[in-house]
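Here the structure comes first, spelled out in structure tokens, and everything after it is commentary.
There are 2 protein chains.
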Amino acid sequence: MGLTKTEMFTEQQNQIALFAKVFGHPARVSILQHLFKINSCVCGDLVNEIGLAQPTISQHLKELKHLGLIKGNVEGTRVCYCIHNENWTAMKKVMSEFLNQDLIQKQDCC
Amino acid sequence: MGLTKTEMFTEQQNQIALFAKVFGHPARVSILQHLFKINSCVCGDLVNEIGLAQPTISQHLKELKHLGLIKGNVEGTRVCYCIHNENWTAMKKVMSEFLNQDLIQKQDCC
DNA sequence: TTTGTTGATTGCAATATTACGATTAATATT
DNA sequence: AATATTAATCGTAATATTGCAATCAACAAA
Numbered sequence: 000m001g002l003t004k005t006e007m008f009t010e011q012q013n014q015i016a017l018f019a020k021v022f023g024h025p026a027r028v029s030i031l032q033h034l035f036k037i038n039s040c041v042c043g044d045l046v047n048e049i050g051l052a053q054p055t056i057s058q059h060l061k062e063l064k065h066l067g068l069i070k071g072n073v074e075g076t077r078v079c080y081c082i083h084n085e086n087w088t089a090m091k092k093v094m095s096e097f098l099n100q101d102l103i104q105k106q107d108c109c
Numbered sequence: 000m001g002l003t004k005t006e007m008f009t010e011q012q013n014q015i016a017l018f019a020k021v022f023g024h025p026a027r028v029s030i031l032q033h034l035f036k037i038n039s040c041v042c043g044d045l046v047n048e049i050g051l052a053q054p055t056i057s058q059h060l061k062e063l064k065h066l067g068l069i070k071g072n073v074e075g076t077r078v079c080y081c082i083h084n085e086n087w088t089a090m091k092k093v094m095s096e097f098l099n100q101d102l103i104q105k106q107d108c109c
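Residue numbers (numbering that gives the first Met the number 0), protein chains in the order written: chain A, 0 to 109; chain B, 0 to 109.
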């Protein structure tokens, strides 16, 4: 049905999935890497850097902002974007806990 | 258009996105957590544990297997699933590099 | 005020994802 | 052989995502 049944999962599981989903598109990965490298940049720069149309980049930025991973600051006609450090750190904690789970038994079942 | 333009991104960016995408659904997060906890289990157990229909779980398992994160072993009429340790470790390396990027300048742009 | 620049929003088309009923395939059990 | 159990596959419906042309809104510059 295309409808994820979030109510049958824990809050933690849904949160992991939400973060992962936003990283599940190479354009957003690319935007984030660029923001880490450049520290701050304007929407138009990302359009040139990545090569997708301006509305597409704008939409990806909106999703990243909505999850709190980036900040946007209006500077005249331009909007400056940067990584939201505190939220990025919090996200890392959640994702690391998931990724660094340990198996009780190290040998494979099969 | 609903079509991701993978050719405009680096292989690394596409790989990060592929891994992230598979974690982008709470059912798959839940399956993986359960496999870590139980070490190995049968498809039917996951159906009972999670509460989605059998074809749905089977489909999620297929995606996880396709990415190499789990193994499946036929045992009579049952199929035993477990984490693919080596591939999980390799995935962790790729994802950690992305998540642990450092900002050159610590102060926010805005 | 008019024009230019920048980025958000809208509307739409194409494709992808999620979920499950029905069925099938494979093996176990009787 | 007939039946039961288990999981994969098929088909389909509903919803979500991606991408962009066109437009709009806000501000800057002339």
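Every residue gets a Cβ at the ideal spot worked out from N, C-alpha and C, and that includes glycine.
message: Between which two residues does the beta strand (DSSP E) holding G71 of chain A run?
response: Counting from one through the first sequence, the residue named residue 71 of chain A turns up at place 72. 69-74 is the span of the beta strand (DSSP E), which, as asked, contains G71 of chain A.
Just verifying my parser: in three-state terms, what is the DSSP assignment at I103 of chain A? One-based indexing of the first sequence puts residue 103 of chain A at position 104. Correct three-state label for I103 of chain A: coil.
What does a CB cutoff of less than 6 Å around C42 of chain A pick up in its chain, not counting 5 residues either side in sequence? In the first sequence, the residue the question calls residue 42 of chain A occupies position 43. Only V78 meet the Cβ criterion.
Exercise for the section: Give the range of the alpha helix (DSSP H) segment to which N4 of chain A is assigned. Expected result: The residue you call residue 4 of chain A lines up with position 5 of the first sequence. Note on identity: in this sequence residue 4 of chain A is Lys, with Asn being the wrong assignment. Per DSSP, K4 of chain A belongs to no alpha helix (DSSP H) and is neither H nor E.
query = Based on Cα-Cα distance, which residue from B:N72, B:L68, B:Q14, B:F97 lies nearest to C40 of chain B?
reply = The residue labelled residue 40 of chain B in the question sits at position 41 within the second sequence. Of B:N72, B:L68, B:Q14, B:F97, the residue nearest in Cα terms is B:N72.
How many Å lie between D101 of chain B and G50 of chain B at the Cα?
-> As a first step, residue 101 of chain B is located in the second sequence; it is residue number 102 there, counting from the start. As a first step, residue 50 of chain B is located in the second sequence; it is residue number 51 there, counting from the start. One C-alpha to the other measures close to 40 Å.
inquiry  = Am I right that A16 of chain A and F22 of chain B are in contact with their C-beta atoms under 8 Å? What's the rounded C-beta distance?
reply    = Position 17 of the first sequence, counted from the first residue, corresponds to residue 16 of chain A. Position 23 of the second sequence, counted from the first residue, corresponds to residue 22 of chain B. The pair is a contact, with the Cβ atoms about 7 Å apart (cut-off 8 Å).
### Message
Just checking: is the beta-carbon of G23 of chain B within a distance shorter than 8 Å of some beta-carbon in chain A?
### Response
The residue given as residue 23 of chain B occupies position 24 in the second sequence. Yes, because at least one Cβ of chain A sits closer than 8 Å to the Cβ of G23 of chain B.
Exercise for review: For I103 of chain B, count neighbouring Cβ atoms within 10 angstroms of its own Cβ and tell me buried if that reaches 16, exposed if not.
Suggested key: Translated into positions along the second sequence, residue 103 of chain B becomes position 104. Exposed, since its Cβ has fewer than 16 Cβ neighbours within 10 Å.
Q. Are the beta-carbon atoms of T3 of chain A and H24 of chain B separated by less than 8 Å?
A. Counting from one through the first sequence, the residue named residue 3 of chain A turns up at place 4. Counting from one through the second sequence, the residue named residue 24 of chain B turns up at place 25. Going by beta carbons, T3 of chain A and H24 of chain B fall inside the 8 Å limit.
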